[in-house]
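Numbering (numbering that gives the first Met the number 0), first residue to last: 0 to 136.
Right, one structure below, let's go through it.
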Amino acid sequence: MNLISPYFFFPGNCEEAITFYHQCLGGELAIRRFGDTEMPVENEYKNKIMHAELVFGDNKIMFSDGAPHKKIINGNNIQINLHFDDEQKLEQVFKKLSDGGNITMPLEVTFWNAKFGMLEDKFGIKWMVNYSLDQQN
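Pasting the structure below:
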């Protein structure tokens, strides 16, 4: 594993939050909107943020307005994202974390060229795991 990042979800005001955190922390900001992706969403949601990253120093915070069909609740809007540099390790950790918990998205290849999955562990902590397929030889 090479990076652990918090992933913040917002109920429609992600852009405002990103602007605030960027002003506070500085760094490099990258934003991808739902309308820039293959994900089908209603027209009024296309300008919402699907994924954004704020990188400052050796740190990274990720942000999203979340999927349009999922309600974002303050206090329940942070997940831990694990970035792996080894696909087997990703699979092992995902299996162990999901033991006694609930897999909310099975490990699968995504449109952003990664193996990705989501789960809630037996303690109610929400995890996302990611392995970039660009790393393969």
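Quick reminder that beta carbons are idealized off the backbone N, C-alpha and C, glycines included.
Since this is a predicted model, take the numbers as computed values, not measurements.
query, result
"Please report the straight-line C-alpha distance between MET104 and TRP126, rounded to a whole angstrom.", "10 Å"
"I'd like to know whether the C-beta of PHE33 is nearer than 7 Å to at least one C-beta of chain D.", "This model lacks chain D altogether; it includes just one protein chain."
"Which same chain residues end up closer than 8 Å to ASN136 when comparing Cβ atoms and leaving out the 5 residues on each side of it in sequence?", "Any answer about ASN136 is weak, because its pLDDT of 49 lies below 50 and its placement is not dependable; what the coordinates show is given next. Nothing listed; no residue qualifies."
"Since HIS21 is in the beta strand (DSSP E), which residue starts that stretch and which ends it?", "No beta strand (DSSP E) holds HIS21; the alpha helix (DSSP H) holding it covers 13-24."
"Does the segment 49-65 touch the segment 23-30, meaning 3 or more C-beta pairs lie closer than 8 Å?", "yes"
"If you count every other CB in all the chains shown that lies within 10 Å of the CB of ASN75, and 16 or more means buried, which is it?", "exposed"
"Which residues in the same chain have their Cβ closer than 6 Å to the Cβ of LYS45, if we skip the five residues on either side of it in sequence?", "PHE33, GLY34"
"Curious, which full-length alpha helix (DSSP H) runs of at least 4 residues does the segment 77-135 contain?", "86-97"
"Determine contact between the segment 10-19 and the segment 53-62, defined as no fewer than three beta-carbon pairs at a distance below 8 Å.", "yes"
"Determine the closest residue to GLU119 out of GLU43, GLN78, GLU41, LYS70, with distance taken between C-alpha atoms.", "GLN78"
"Closest by CA to LYS114, which one among PHE7, PHE83, PRO67, PRO10?", "PHE83"
"By how many angstroms is the C-alpha of ALA66 removed from the C-alpha of PRO39?", "10 Å"
"Rounded to whole angstroms, what is the Cα-Cα separation between PRO5 and ASN58?", "10 Å"
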